[in-house]
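These notes are about the structure you will find just below.
Residue numbers (full-length UniProt numbering), protein chains in the order written: chain A, 1 to 323; chain B, 1 to 251.
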């Protein structure tokens with residue numbers, strides 16, 4: 001760890017402290033995530049090892065924050081792991097905030113929203129193709145390079161190995177705003193749809209510059225959703241009334257989604273509505289979202305070249321299908 | 001684990017033959033030759049395979065364990081990292097990374113049962129300590145790609161599934177060499193298919209042509225494998241022990 005000079009604490013994430021630091025030899029800025037390693041009579045927990053493997057695999061995507069290396073330190077006999085990630089200067093929450101408040105409040109440019117959403121869907125599609133759910137997508141977990149217009153998913157998969165993200169490390173309440181209705185209603189089995197719901201909420205938030213469903217309790221969260229999208233019915237979402245937390249809620253009629261995102265073009269509203277489908281089985285997948293007409297006008301090649309390690313240089317479609 | 005090999009750490013970590021075959025100076029000082037270095041690694045690969053059979057793990061775990069062991073010795077010397085401890089620990093670590101965890105206690109038990117030689121005996125705490133050291137030596141890069149899956153796909157594509165057993169066996173044997181550190185796994189698979197087709201007198205020329213891979217590389221790997229078989233007819237336990245004794249590790 002002596003290779004890194006800690007510059008400042010940039011966050012106390014759900015899983016531990018995060019430092020901005022500098023690699024003394026290369027001068028490269030990095031994010032250091034400190035994690036305590038719970039050792040037992042079987043050495044390094046397999047879950048932690050699997051998690052590191054997953055992070056290494058997932059961080060191959062340009063749209064996922066890159067894990068540069070892992071460092072092990074013994075502090076007073078307690079093993080610590082530092083996960084060293086690439087550093088990006090801000091996150092989507094701060095970025096949206098800077099467009100709402102501050103000296104120059106202005107909407108996010110429609111082309112930027114389009115590009116960010118595309119990058120987000122790319123990253124989510126990559127995770128889902130490896131059967132990894134993020135489960136906690138939110139603007140704070142999306143790192144942004146303002147200059148280059150790059151967005152990358154962070155805080156991936158740490159949840160499963162290191163701690164259960166019910167209460168955060170700092171006892172700050174984990175935000176419910178991006179939580180899918182099936183999770184709020186107590187579904188025991190959920191899938192990739194939970195992430196797509198979050199993507200929809202984040203999409204709307206970029207357009208509105210404020211959260212779409214800012215609930216402060218699980219019930220409030222559900223009511224926010226129902227008020228906009230209507231109270232779900234069995235026809236719309238088979239099985240919903242058998243979920244654990246289902247109650248006879250007030251009956252709201254669905255509103256026109258355009259009213260929530262008045263400045264969004266029709267193709268964008270269509271894509272958003274497909275992300276905010278009640279029945280998770282009907283919700284659009286990340287992969288399908290990438291082909292939605294909303295992205296037709298996006299210059300995907302230019303986007304690709306913004307990343308310092310563009311996709312096109314990798315022989316991804318080499319004749320050989322590898323493991 | 002499925003992923004894109006080209007973007008993986010495995011791809012980036014492929015080494016040149018010379019780097020893999022460099023005897024580390026502490027070992028050189030003890031008189032270890034390149035031939036002995038290779039021999040010890042091969043012996044340890046065999047040891048991992050034998051242990052794996054009794055603790056019952058999949059072929060994939062064996063392959064990953066052997067790859068870890070070989071990677072360790074591209075960076076660390078035999079003198080610093082006793083191969084007799086590194087080998088079982090790599091199996092232990094690979095079993096965790098590949099999701100078929102072997103517990104330390106039965107592993108230690110089987111080591112004692114398998115090896116009458118005192119010098120192979122270690123306690124659980126030795127394994128756990130070495131685990132941490134190996135993780136560091138590997139830089140925590142635990143994802144390894146193997147030739148098995150491309151092999152299966154290629155054999156299907158070429159309509160050579162009747163050759164599966166032979167080719168699979170050849171792939172298993174490649175782990176007795178350092179090929180996995182030097183060549184992309186699919187090239188190793190192709191070399192094994194090439195050898196198999198020559199042995200079974202099947203004409204695969206047009207199939208290989210359609211693949212548009214560098215046949216020179218495929219043939220070179222094949223030659224290496226065949227040379228290996230030639231050179232290691234009747235490996236003598238004594239040669240291995242002589243090399244290990246030079247290291248004067250555990251008394």
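Ideal Cβ placement from N, Cα and C applies to all residues, glycine included.
Starting from residue i, find everything on chain B with Cβ-Cβ shorter than 8 Å and list it in chain order.
| i | result |
| --- | --- |
| residue 65 of chain A | Neighbours of residue 65 of chain A on chain B: none; closest Cβ ~15 Å, over 8 Å. |
| residue 69 of chain A | 139 and 140 |
Does any residue of chain A bring its CB to less than 8 Å from the CB of residue i?
| i | result |
| --- | --- |
| residue 76 of chain B | no |
| residue 80 of chain B | no |
| residue 13 of chain B | no |
Does residue i get closer than 8 Å to chain B when you measure Cβ to Cβ?
| i | result |
| --- | --- |
| residue 44 of chain A | yes |
| residue 53 of chain A | yes |
Residues of chain A with CB closer than 7 Å to the CB of residue i, please, in chain order.
| i | result |
| --- | --- |
| residue 103 of chain B | 42 |
| residue 128 of chain B | 43 |
Residue i and residue j look like a contact to me (Cβ under 8 Å); what is the Cβ gap, rounded to whole Å?
| i | j | result |
| --- | --- | --- |
| residue 231 of chain A | residue 252 of chain A | 5 Å |
| residue 221 of chain A | residue 176 of chain A | 4 Å |
| residue 21 of chain A | residue 41 of chain A | Their Cβ separation, rounded to whole angstroms, is 33 Å, which puts residue 21 of chain A and residue 41 of chain A out of contact at 8 Å. |
| residue 167 of chain B | residue 153 of chain B | At roughly 12 Å, the Cβ-Cβ gap does not stay under 8 Å, so residue 167 of chain B and residue 153 of chain B are not in contact. |
| residue 131 of chain B | residue 70 of chain A | That pair is no contact at about 14 Å. |
| residue 60 of chain B | residue 148 of chain B | 7 Å |
| residue 66 of chain B | residue 175 of chain B | 4 Å |
| residue 158 of chain B | residue 195 of chain B | With 8 Å as the limit, residue 158 of chain B and residue 195 of chain B do not qualify as a contact, their Cβ atoms being about 14 Å apart. |
| residue 130 of chain A | residue 58 of chain A | 6 Å |
In chain B, what lies closer than 9 Å to residue i by C-beta?
| i | result |
| --- | --- |
| residue 72 of chain A | 132, 135, 136 and 140 |
What residues of chain A sit near residue i, judged by a beta carbon separation below 8 Å?
| i | result |
| --- | --- |
| residue 97 of chain B | 46, 49, 50 and 53 |
Quiz item: For the segment 88-103 of chain A against the segment 54-64 of chain A, are there 3 or more C-beta pairs whose distance is under 8 Å?
Solution: no
Self-check item: At least 3 beta-carbon pairs within less than 8 Å: the segment 186-204 of chain A vs the segment 270-284 of chain A
Solution: yes
Quiz item: Does the count of Cβ pairs from the segment 157-172 of chain B and the segment 120-129 of chain B closer than 8 Å reach three?
Solution: no
Self-check item: alpha helix (DSSP H) runs wholly inside the UniProt domain "Cyclin-like" (46-136) of chain B, at least 4 long, in chain order
Solution: 59-75, 83-97 and 104-114
Self-check item: Stretch-stretch touch, CB-based, cutoff 8 Å, three pairs: the segment 84-102 of chain A with the segment 21-38 of chain A
Solution: yes
Quiz item: Taking three-plus beta-carbon pairs below 8 Å as touching, is the segment 66-77 of chain B in contact with the segment 31-51 of chain B?
Solution: yes
Quiz item: For the segment 254-269 of chain A against the segment 72-84 of chain A, are there 3 or more C-beta pairs whose distance is under 8 Å?
Solution: no
Exercise. Kindly provide the ranges of any alpha helix (DSSP H) runs that are 4 or more residues long and lie completely inside the segment 168-226 of chain A, ordered along the chain.
Key: 181-184 and 193-208
Exercise. Kindly confirm or deny that the segment 131-140 of chain B and the segment 179-186 of chain B touch, where touching means at least three C-beta pairs closer than 8 Å.
Key: no
Quiz item: Between the segment 38-52 of chain B and the segment 83-98 of chain B, are three or more C-beta pairs nearer than 8 Å?
Solution: yes
Quiz item: Unbroken beta strand (DSSP E) runs of length 3 or more, entirely within the segment 7-54 of chain A: which are they?
Solution: 17-23 and 29-36
Quiz item: Are there three or more Cβ pairs, one per stretch, closer than 8 Å when the segment 86-104 of chain B is compared with the segment 49-58 of chain B?
Solution: yes
Quiz item: Going along the chain, which unbroken runs of the alpha helix (DSSP H) with 4 or more residues stay wholly within the segment 79-160 of chain A?
Solution: 92-100 and 110-129
Practice problem: Determine contact between the segment 128-139 of chain A and the segment 223-242 of chain A, defined as no fewer than three beta-carbon pairs at a distance below 8 Å. | Solution: no
Exercise. May I ask you to verify whether the segment 116-127 of chain A touches the segment 284-299 of chain A, counting CB pairs closer than 8 Å and requiring at least 3?
Key: yes
Quiz prompt | Segments of 4+ residues assigned as alpha helix (DSSP H) that fall wholly inside the segment 182-217 of chain B | solution = 185-199 and 205-211
Exercise. Identify every run of the alpha helix (DSSP H) within the segment 269-298 of chain A, keeping only runs that are complete inside it and at least 4 residues long; order them along the chain.
Key: 286-290
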